[in-house]
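Written out below as structure tokens is the structure these notes cover.
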Amino acid sequence: MRKMDGAEFDSLVSFFDGMARTNWLSKVHDQLKEMSGTWRSKEILDVGCGTGRLLTRGLDEADRIVGVDLSEEMITAAKELFQTSNTDTKNDFFVGDAYHLPFEDETFDCALSTCVMFLLPEPEKGITEMLRVTKKSGTIVMLNPSETMNPERASSYADRNQMTGFEKETLVKWSNVSTRRHRYSEQSLSSVLTKLGAKNVTHQPVVGGLAMITVAQK
Numbered sequence: 001m002r003k004m005d006g007a008e009f010d011s012l013v014s015f016f017d018g019m020a021r022t023n024w025l026s027k028v029h030d031q032l033k034e035m036s037g038t039w040r041s042k043e044i045l046d047v048g049c050g051t052g053r054l055l056t057r058g059l060d061e062a063d064r065i066v067g068v069d070l071s072e073e074m075i076t077a078a079k080e081l082f083q084t085s086n087t088d089t090k091n092d093f094f095v096g097d098a099y100h101l102p103f104e105d106e107t108f109d110c111a112l113s114t115c116v117m118f119l120l121p122e123p124e125k126g127i128t129e130m131l132r133v134t135k136k137s138g139t140i141v142m143l144n145p146s147e148t149m150n151p152e153r154a155s156s157y158a159d160r161n162q163m164t165g166f167e168k169e170t171l172v173k174w175s176n177v178s179t180r181r182h183r184y185s186e187q188s189l190s191s192v193l194t195k196l197g198a199k200n201v202t203h204q205p206v207v208g209g210l211a212m213i214t215v216a217q218k
């Protein structure tokens, strides 16, 4: 399985920014934010932050918000989004690799990653890095496709929920990529996280069980 580089995403900024604003993914982001707990007085990291839409949910809550993405153009878009947000919360965005996060050990209270770890040839390396930069007793939160995700089921879910146009297109495209990368059962992802030293692992099915939010503590 080939590791993708940042340039492959540079031309897709509009697509991924639009995807982050779809009704279906916006609802998942809202749920993920809630499951991550309060961000008040905390330092928050988003690995594979894209254009920064998820991080805006804690704009006036966190002490510091940090995003890292492999794509230079995504980071440019994220910086522009936060520059126009009129927030006093400190925010920083960096071009970086999920396998080699440019941060010291135990820097963040919470590390997030949505629709990213499953893309990596070796997701364990990315998860290991998330845990490394998270403080002791801190939290990591991820969104990944479940083992049931595939284009047929994604299309059926979209039709049942009257999703059309770009809403349906983005979900089906995610399912297509998922079948070529990594999908997880709750048991298999719990096993990976436990092996890497995480504890108190919980999962919440979303998008009709086609995906799941996973929360774990360091």
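Mapping to my numbering: the sequence shown position 202 is 202, numbers consecutive. Beta carbons: idealized from backbone N, C-alpha and C, even for Gly. Quick caveat: nothing in here was measured; it's all calculated off a predicted structure.
Note to self: Just verifying my parser: in three-state terms, what is the DSSP assignment at residue 187?
What the structure shows: helix
Margin query: In the DSSP assignment, the alpha helix (DSSP H) including residue 126 goes from what residue to what residue?
Written below: 123-133
Notebook entry, point to check: In or out: residue 82 buried (at least 16 other Cβ within 10 Å) or exposed?
Noted result: buried
Notebook entry, point to check: Assuming residue 105 and residue 133 make a contact with CB atoms under 8 Å, what is their CB distance in whole Å?
Noted result: 7 Å
Checklist line | residue 114 beta carbon less than 8 Å from that of residue 43 | finding: no
Margin query: What ranges does the beta strand (DSSP E) occupy inside the stretch 33-118, keeping only unbroken runs of at least 3 residues that lie completely in it?
Written below: 43-47, 64-69, 90-95 and 108-114
Margin query: Considering Cα atoms alone, identify which of 177, 205 and 109 is closest to residue 217.
Written below: 109
Checklist line | Contact between the stretch 73-81 and the stretch 44-54 (3+ Cβ pairs under 8 Å) | finding: yes
Margin query: Report the CB separation of residue 120 from residue 45 in whole angstroms; it is logged as a contact under 8 Å.
Written below: Actually they are not in contact, since the Cβ atoms of residue 120 and residue 45 sit about 17 Å apart, beyond 8 Å.
Margin query: Between the alpha carbons of residue 198 and residue 126, how many angstroms are there, rounded?
Written below: 13 Å
Checklist line | Residues bridged to residue 144 [DSSP beta-bridge criterion] | finding: 212
Notebook entry, point to check: Taking C-beta to C-beta, are residue 19 and residue 202 nearer than 8 Å?
Noted result: no
Note to self: Judging by CA-CA distance, which residue of 62, 147, 24 and 168 is the nearest neighbour of residue 187?
What the structure shows: 147
Item checked: Length of the line joining the Cα atoms of residue 181 and residue 122 -> 10 Å
Notebook entry, point to check: I think residue 130 touches residue 47, with their Cβ atoms under 8 Å apart; what is that distance to the nearest whole Å?
Noted result: 6 Å
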